[in-house]
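Protein chains in written order, with the working numbering: chain A, 310 to 544; chain B, 35 to 332.
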């Protein structure tokens, strides 16, 4: 079943036409990867889906409902969590407060339960629950960003460059976590510069070039595609 | 002058300083919270105090209501006014350059001052006392009950505000929005509601400040908010604008500085000293005592 459908969207930054007629779909249970060079428009597309940017034309539907005009805080409520580029955790709030913010749309006993669920997934965060997030290491901050997004129990999680700035070992760990999340039922839309890593865990991939979809195929085929290998996989 | 009377004078001046400092602190909190969340120096904030004083006067003199009702009306009226100003004047400029917001704030300030002058005239109205002030004597030191009530009320307000900001869901959302508005939206936090709430809290504190100010200087006049607002602004800058504990410390420091200048027999220099403090802070440490460094905002 199609969970997220993006149809012919056009997005502008002032007069700059950043996204041209982009269409793609994410089916329930999939990991879909958007790859492309710096400035190709990957983050712009995620920001548009979560409502931080607006489409000029085109439609974004989630679970059959058009969300292209909804405010960002309402889109979270509908079940899309966005882990933004650079993590953007609240550095001056404690680890636990960051998680509580992730559950802002939920109430009552659900919140502490969700906090415990994140802590059992990321024990490091539990050790540091009362510490301000600014004191965490890069890897821990990425765990917190993902944990915070999990707090809303999202059917769809969008991750923007989760490997950015992390040591290779941590990168593998992050991708392991993404696979696990997907295994436990979360649909994933993944934006990455690390294309080989992203495609290795994805079901399908889309290649973005200067705001347009240049190619779409199952991830395996993209990994073997000569043009993709030359341009994004460095071989 | 004997040693005893010198000590008594100093104690009294310190108490006076804490009294006006508590009021500055309450007003400075509104400046700082609003700056923390939308980076706006809300120069209309001082005039909200003026409106509070007129509301108290209207209730007690025009409508002959009970003083408790007058206090409630002043605080509620200030809260509503702060939220109205935010919705009508600042929300439409959310994505405009910050200078436009600043100029609008100055415009709102003039609008309030001139509207009240038009309605009530330029002369001052006398606000009757809210309660019977007594002088309390502690071993020869005479303290005014007004000062004590003001200091306690302000301390209670600041403690409650700290609880609100540190412990409640809304308070945490305020801190999240002030750190990263975009990320806060991605959490499902409504920016509009959070900003509106911030203005409400800041203006309610201004309303309380206004009532406390009237216990010390029982007058309402259309221009009273501008000097009071400016001094509270200096207090907010001294403490570190955007910082809540900073506003409290800055307010008390400005109040004490004024009182000590007066105690030294230089009361004509009182205002000058406050603005000298502003200049020194801006030159020496523009981020104030507890302010965040400017490059921290990503």
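All C-beta atoms, glycine included, are put in the ideal place defined by N, C-alpha and C.
{"Asked": "Residue 533/A - DSSP class collapsed to helix/strand/coil", "Found": "helix"}
{"Asked": "Cβ pair residue 384/A, residue 399/A closer than 9 angstroms", "Found": "no"}
{"Asked": "Burial state of residue 330/B (16 or more Cβ within 10 Å)", "Found": "Confidence is the limiting factor: at residue 330/B the pLDDT is only 43, short of 50, which leaves the residue's position unreliable and the question unanswerable from this model."}
{"Asked": "Residue 437/A beta carbon less than 9 angstroms from that of residue 449/A", "Found": "yes"}
{"Asked": "Distance CB(residue 445/A)-CB(residue 391/A) smaller than 9 angstroms", "Found": "no"}
{"Asked": "Exposure of residue 65/B, with buried meaning 16 or more beta-carbon neighbours within 10 Å", "Found": "buried"}
{"Asked": "Residue 322/B in three-state terms, based on DSSP", "Found": "coil"}
{"Asked": "CB contact check: residue 422/A to chain B, cutoff 9 angstroms", "Found": "no"}
{"Asked": "Nearest neighbour of residue 206/B, chosen from 322/A, 408/A, 393/A and 377/A [CA to CA]", "Found": "408/A"}
{"Asked": "Backbone secondary structure at residue 326/A - three-state DSSP", "Found": "strand"}
{"Asked": "Within chain A, partners of residue 285/B - CB distance below 9 angstroms", "Found": "Correct list: empty, because the minimum Cβ distance to chain A is about 22 angstroms."}
{"Asked": "Integer-rounded CB distance, given that residue 360/A should sit under 8 angstroms from residue 380/A", "Found": "6 angstroms"}
{"Asked": "Stretch-stretch touch, CB-based, cutoff 8 angstroms, three pairs: the stretch 250-267 of chain B with the stretch 146-165 of chain B", "Found": "yes"}
{"Asked": "Buried or exposed by the 16-neighbour rule on C-beta atoms within 10 Å, applied to residue 496/A", "Found": "buried"}
{"Asked": "From 395/A, 491/A and 422/A, residue whose alpha carbon lies closest to that of residue 451/A", "Found": "395/A"}
{"Asked": "Below-9 angstroms beta-carbon distance, residue 72/B vs any chain A residue", "Found": "no"}
{"Asked": "Residue of 160/B, 296/B, 239/B and 276/B minimising C-alpha distance to residue 75/B", "Found": "276/B"}
{"Asked": "Selected residue, minimal CA-CA separation from residue 231/B, among 220/B, 119/B, 204/B and 216/B", "Found": "204/B"}
{"Asked": "Distance between beta carbons of residue 55/B and residue 246/B, contact taken as under 8 angstroms", "Found": "So it is not a contact: roughly 11 angstroms between Cβ atoms."}
{"Asked": "Member of 128/B, 211/B and 92/B whose CA lies at the smallest distance from the CA of residue 397/A", "Found": "211/B"}
{"Asked": "Other residues of its chain near residue 310/A: CB distance less than 7 angstroms, five sequence neighbours each side excluded", "Found": "336 and 337"}
{"Asked": "6 angstroms CB neighbourhood of residue 466/A in its chain, flanking five on each side removed", "Found": "390, 458, 495 and 497"}
{"Asked": "Neighbouring residues, chain A, relative to residue 224/B (Cβ below 7 angstroms)", "Found": "382"}
{"Asked": "Residue 88/B, buried or exposed, once every other Cβ within 10 Å from all chains shown has been counted against 16", "Found": "buried"}
{"Asked": "Positions along the stretch 190-209 of chain B whose CB lies within less than 8 angstroms of some CB in chain A", "Found": "203, 206, 207 and 209"}
{"Asked": "Sequence-distant residues of the same chain with beta carbon closer than 6 angstroms to residue 503/A, five excluded per side", "Found": "472"}
{"Asked": "Under the three-state DSSP convention, the category residue 386/A falls into", "Found": "helix"}
{"Asked": "Inter-residue Cα distance where the pair is residue 67/B and residue 202/B", "Found": "16 angstroms"}
{"Asked": "Neighbourhood of residue 334/A by C-beta distance below 6 angstroms, restricted to the same chain and skipping five residues each side", "Found": "311 and 314"}
{"Asked": "Interface partners of residue 127/B on chain A, CB under 8 angstroms", "Found": "Here the premise fails: no neighbours, minimum Cβ distance about 18 angstroms."}
{"Asked": "Alpha carbon of residue 100/B to alpha carbon of residue 165/B, nearest angstrom", "Found": "10 angstroms"}
{"Asked": "Length at least 4, wholly inside the stretch 353-403 of chain A: the alpha helix (DSSP H) runs in chain order", "Found": "381-387"}
{"Asked": "Neighbour list for residue 221/B in chain A, Cβ cutoff strictly below 7 angstroms", "Found": "385, 410, 411 and 413"}
{"Asked": "Close beta carbons around residue 46/B, own chain, < 8 angstroms, minus the five adjacent residues each side", "Found": "175, 176 and 177"}
{"Asked": "For residue 223/B, the three-state DSSP class (helix, strand or coil)", "Found": "coil"}
{"Asked": "Nearest-angstrom beta carbon gap, residue 350/A and residue 542/A [assumed within contact, 8 angstroms]", "Found": "Going by Cβ atoms, the distance from residue 542/A to residue 350/A rounds to 20 angstroms, so no, they are not a contact pair."}
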